[in-house]
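Notes to accompany the following structure.
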Amino acid sequence: MHPMPILKIAVAKPLRSTFDYLPPLDCDDAFIAKLQPGTRIEVPFGKSHLVGVLVSRAPESDIHKTKLKRASRIIDSNSLISGTLLELCLWAAHYYAHPIGEVLTLAFPPLLRKGAETTPSFNAVKLTPEGRLAPRGIQRSPKQAALVERLQSHAMTKNTLRTEGFSNAVIKALIDKGFATTCRIDEPVPATEPPQPLPTLNPEQDHAVKQLSKLRGFAAVLLYGITGSGKTEVYLQAIANTVSRGQQVMVLIPEIALTPQTASRFQERFGAAVGVLHSGLTEVQRAREWERARSGKLQVLLGTRSALFTPFHTLGLIVVDEEHDSAYKQQDGFRYHARDLAIKRAQLEGCPIVLGSATPSLETVSNVVSGRFQRFTLSTRASAATLPTWQITDVRQQPLKAGLSLALIKACQDTLNKEEQALLFLNRRGFAHTLLCHDCGWVAHCDHCDSRMVIHKRQNKLRCHHCQAQKSLPKNCPNCHSHQWQGVGYGTERAELALQGLFPNTPIYRIDSDTVSSAAQLDTVLQAINDNKNGCLILGTQMLAKGHDLARVTLVGIVDTDALLFSSDFRAEERLTQLLTQVSGRSGRGSRQGSVMLQTHHPEADIFHQVIHQDYWEIARSILAARQNNGLPPFGQLVMMHADSKDPSEAERFLALARQTLNSILPNSHLLIGPLPAPLSKRAGKFRYQLTWLAPHEKNLHRFANVIADTLTRLPHKHELSWSIDIDPHEFL
Numbered sequence: 081m082h083p084m085p086i087l088k089i090a091v092a093k094p095l096r097s098t099f100d101y102l103p104p105l106d107c108d109d110a111f112i113a114k115l116q117p118g119t120r121i122e123v124p125f126g127k128s129h130l131v132g133v134l135v136s137r138a139p140e141s142d143i144h145k146t147k148l149k150r151a152s153r154i155i156d157s158n159s160l161i162s163g164t165l166l167e168l169c170l171w172a173a174h175y176y177a178h179p180i181g182e183v184l185t186l187a188f189p190p191l192l193r194k195g196a197e198t199t200p201s202f203n204a205v206k207l208t209p210e211g212r213l214a215p216r217g218i219q220r221s222p223k224q225a226a227l228v229e230r231l232q233s234h235a236m237t238k239n240t241l242r243t244e245g246f247s248n249a250v251i252k253a254l255i256d257k258g259f260a261t262t263c264r265i266d267e268p269v270p271a272t273e274p275p276q277p278l279p280t281l282n283p284e285q286d287h288a289v290k291q292l293s294k295l296r297g298f299a300a301v302l303l304y305g306i307t308g309s310g311k312t313e314v315y316l317q318a319i320a321n322t323v324s325r326g327q328q329v330m331v332l333i334p335e336i337a338l339t340p341q342t343a344s345r346f347q348e349r350f351g352a353a354v355g356v357l358h359s360g361l362t363e364v365q366r367a368r369e370w371e372r373a374r375s376g377k378l379q380v381l382l383g384t385r386s387a388l389f390t391p392f393h394t395l396g397l398i399v400v401d402e403e404h405d406s407a408y409k410q411q412d413g414f415r416y417h418a419r420d421l422a423i424k425r426a427q428l429e430g431c432p433i434v435l436g437s438a439t440p441s442l443e444t445v446s447n448v449v450s451g452r453f454q455r456f457t458l459s460t461r462a463s464a465a466t467l468p469t470w471q472i473t474d475v476r477q478q479p480l481k482a483g484l485s486l487a488l489i490k491a492c493q494d495t496l497n498k499e500e501q502a503l504l505f506l507n508r509r510g511f512a513h514t515l516l517c518h519d520c521g522w523v524a525h526c527d528h529c530d531s532r533m534v535i536h537k538r539q540n541k542l543r544c545h546h547c548q549a550q551k552s553l554p555k556n557c558p559n560c561h562s563h564q565w566q567g568v569g570y571g572t573e574r575a576e577l578a579l580q581g582l583f584p585n586t587p588i589y590r591i592d593s594d595t596v597s598s599a600a601q602l603d604t605v606l607q608a609i610n611d612n613k614n615g616c617l618i619l620g621t622q623m624l625a626k627g628h629d630l631a632r633v634t635l636v637g638i639v640d641t642d643a644l645l646f647s648s649d650f651r652a653e654e655r656l657t658q659l660l661t662q663v664s665g666r667s668g669r670g671s672r673q674g675s676v677m678l679q680t681h682h683p684e685a686d687i688f689h690q691v692i693h694q695d696y697w698e699i700a701r702s703i704l705a706a707r708q709n710n711g712l713p714p715f716g717q718l719v720m721m722h723a724d725s726k727d728p729s730e731a732e733r734f735l736a737l738a739r740q741t742l743n744s745i746l747p748n749s750h751l752l753i754g755p756l757p758a759p760l761s762k763r764a765g766k767f768r769y770q771l772t773w774l775a776p777h778e779k780n781l782h783r784f785a786n787v788i789a790d791t792l793t794r795l796p797h798k799h800e801l802s803w804s805i806d807i808d809p810h811e812f813l
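Using the numbering used here, read the sequence shown as starting at 81 and increasing by one per residue.
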């Protein structure tokens, strides 16, 4: 007698293992033997039933058979995800030390996670044999009788019937009486416009397209192009070449905010064969796009971070636009980095990947320098536009109105007088990282480290996040004895009110996460800005540094760079360089000369002069060298352990115990820093502490991430304490 096969199933719970189940009673061994990993299976779990995913089969279990539960039902006859996508999910769960069930669930749209059928819902209605026989049960309902008449010749989609005046209630009534049934018919694809002549490429663009079209198998390429150099056109033509070979393309963009602008360009070129996936869609829309990609009906999928886990029929190219953008890093739950996993997916799928940016991440720069990635450069603006001129404004001892200097206010007025547009950028970080004297520019430095001290208001202390030194917040400046402490970072709301007072007759468009919560809203605001012909002010946060094309903007004012200049985050210098380069790229994209005005308490800072006078690549190489000297990423690996608790001593005690345990396990070359209060030390009523692990890069280093996760899992703690780990963290708040 053959032993009963065991199904190892992952469920979407924060548990770091699969669960063993016996097959359902109505399944024979031959059927179970054909089951593929990736198949959805419904299982009893606790007092409820969950939709799990089969990871593997085993001849026996460590748990006695009498204690094993049976799976309730096999939902799919075949796996809906490919072996390579399953492998990517398993690899990601291991690398990021995250529960496998929570990773695998991302490969399915929300409807399918709940156990829905794979077809993106039956979209049509047809008559049953009873319905064809002029049924009596509808004599009193002329609408139902008319619908029966309408369906006599052929099935029709519900959308078409609704446009003809048949309501959902009428359709449902006919189905409930057994006179009609749902079915599926493919809706006609809208006819695409005849292709327009392709834009003429400049020599650099042409070279990049030709080289990309030659790539076969896995290859990683950086498309490094200054802002406005025409990277999107290179993507479009490289994608067209891939599609012409009968393969599909996945294009990742950093944020939902960029979707309408980018999607319209792609749809103009590829028509209905373009799909879009992001969190703003309904569940039915997401399931439909997912199915179109999986079945191969869709040629190009454009999506944000989570679209990375979409199954494809024949994936031939991956594009990651603005690859440096921090939005690719998930900041809670499964804290993956979509760019890094996209590279891994390209490797598993055996297809090329193109990473595009004017300001590539240091990880990507390092991969180019080491020869792992190829690089193609676009060094000139694609249109007649010229690069903007710069002006650094010293705001020490200057009167400021909501953070704006008199010089910047005057520059805004001059721009408006010419019926042009001014964009004022405020860094999104709303609280002060460090202490700054407004009168002389003194900054609180650590006595023991080459770093700034961080304000912890709750304790009224300055703390160093490197050596744990601390001191009381001074009442006056040790350098000039002034009491004028500067709160670094002005809020957009406060600045908007001030601007309304200064420019009462000027349209002011504020763009931040408070005013723009959807892609459609952003599209409306951008359309209004582009339609404005008399001059306006645009005020916003990081959202504005993205690839928006605002042709009438000729002045960019960068209001508060000092927040990043004096950040304790080791990535601050990289981010500030990227930010200044990207924001300045919004100026002078049309035919008029643009200018950038940068306000700071430290006009002598090297980084400002480097951005103005040096190529981004040169600056990146020098920051990379400093990172190498200090063993920081990408030359070392970081893991951040977080503990949140209503009792701060409990969070600190938990991480202190973790440190003590890990010190006895990890090699001597591995460094543990903390536990320390997080820079944002209290959030949602909980006190937050951090313990950081830093190790020099070596082969299979990420195996230690699972050692760390297992250690934290075993440590005792009070029920109300929560902990998490972040592999390759990008935020340190």
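A virtual CB, placed ideally from N, CA and C, is assigned to each residue, including glycine.
Just so it is clear, the structure is predicted and the values come from calculations on it, not from any experiment.
So if DSSP puts residue i in a beta bridge, which residue, or which two residues, is it bridged to?
i	result
Ala90	Val133
Cys263	Ala204
Thr469	Ser675
Cys517	Trp565
Thr680	Asp474
Arg532	His525
Lys551	Leu542
Closest to residue i by C-alpha separation, out of the options, would be which residue?
i	options	result
Ile699	Leu442, Leu735, Asp474, His682	Leu442
Lys377	Leu397, Val354, Phe389, Gly360	Val354
His234	Ser446, Thr243, Gly245, Thr261	Thr261
His797	Asp724, Ala775, Glu811	Asp724
Gln478	Gln471, Thr469, Leu488	Leu488
Val323	Glu363, Leu381, Arg366, Ser344	Leu381
Trp522	Ala426, Ile333, Val289, His561	His561
Thr98	Pro104, Leu105, Ile89	Ile89
Lys766	Asp727, Leu737, Glu732, Ala785	Asp727
His518	Leu361, Leu207, Trp565, Ala575	Trp565
Arg822	Asp527, Thr641, Asn248, Ala92	Any answer about residue 822 is impossible in this case: the structure gives the chain only from 81 up to 813.
Asp686	Thr657, Ala299, Ile319, Trp697	Thr657
Phe505	Leu617, Lys551, Phe784	Leu617
Glu363	Glu210, Gly195, Phe350, Leu659	Gly195
Leu480	Ser344, His393, Leu582	Leu582
Gly615	Arg632, Glu182, Leu792	Arg632
Can you give the beta carbon distance from residue i to residue j, rounded, assuming they're within the 8 Å contact cut?
i	j	result
His722	Trp773	The pair is not a contact, with the Cβ atoms about 12 Å apart (cut-off 8 Å).
Tyr815	Ile788	Shown here, the chain extends from 81 to 813; a query on residue 815 therefore has no answer.
Pro117	Val135	6 Å
Ile265	Ala204	5 Å
Gly383	His358	6 Å
Asn158	Ala300	Between Ala300 and Asn158 the Cβ distance is about 32 Å, and since that is not below 8 Å, they are no contact.
Leu752	Asn743	7 Å
Gly716	Leu735	Not a contact, Cβ separation roughly 20 Å.
Thr641	Ser667	Rounded, the Cβ-Cβ distance is 16 Å, inconsistent with contact.
The beta strand (DSSP E) with residue i in it runs from where to where?
i	result
Phe456	454–458
Glu122	120–125
Ile638	633–638
Asp108	Per DSSP, Asp108 belongs to no beta strand (DSSP E) and is neither H nor E.
Glu501	Strictly speaking, residue 501 in this sequence is Gln, with Glu absent from that position. It spans 501–505 - the beta strand (DSSP E) in which Gln501 sits, taken as one unbroken run.
Ser152	Ser152 -> no beta strand (DSSP E), and no H or E assigned at all.
Would you kindly report the start and end of the unbroken alpha helix (DSSP H) that includes residue i?
i	result
Arg425	418–429
Ser702	696–710
Leu486	486–497
Ala775	Not the alpha helix (DSSP H): Ala775 falls in the beta strand (DSSP E), residues 766–776.
Arg814	An answer regarding residue 814 cannot be provided, because it is not within the stretch 81 to 813 covered by the chain.
Ser446	442–449
Arg325	Element bounds for Arg325: n/a, residue is neither H nor E.
Gly360	That residue, Gly360, is in no alpha helix (DSSP H); it is neither H nor E in DSSP.
**Item:** Stretch-stretch touch, CB-based, cutoff 8 Å, three pairs: the stretch 310–321 with the stretch 430–444
**Value:** Yes, since at least three Cβ pairs between the stretch 310–321 and the stretch 430–444 fall closer than 8 Å, the two stretches touch.
**Message:** If contact is defined by three or more beta carbon pairs under 8 Å, each pair taking one atom from either stretch, is the stretch 493–505 in contact with the stretch 700–710?
**Reply:** Short answer: they don't touch.
**Request:** Report yes or no: do the stretch 404–424 and the stretch 672–679 share at least 3 C-beta pairs separated by less than 8 Å?
**Result:** Segments in contact, no.
**Prompt:** Taking contact to mean at least 3 C-beta pairs separated by less than 8 Å, is the stretch 177–194 in contact with the stretch 445–452?
**Reply:** Taking one beta carbon from each stretch, the stretch 177–194 and the stretch 445–452 have fewer than 3 pairs nearer than 8 Å; the two do not touch.
**Message:** Does the structure place the stretch 599–615 close enough to the stretch 468–475 that three or more beta carbon pairs sit under 8 Å?
**Reply:** Remark: fewer than three beta-carbon pairs, one from each stretch, lie closer than 8 Å, so the stretch 468–475 and the stretch 599–615 are not flagged as touching.
**Request:** Could you tell me whether the stretch 678–693 touches the stretch 407–414, using the rule of 3 or more Cβ pairs below 8 Å?
**Result:** As far as the Cβ criterion goes, the stretch 678–693 does not touch the stretch 407–414, which means the pair count is below three.
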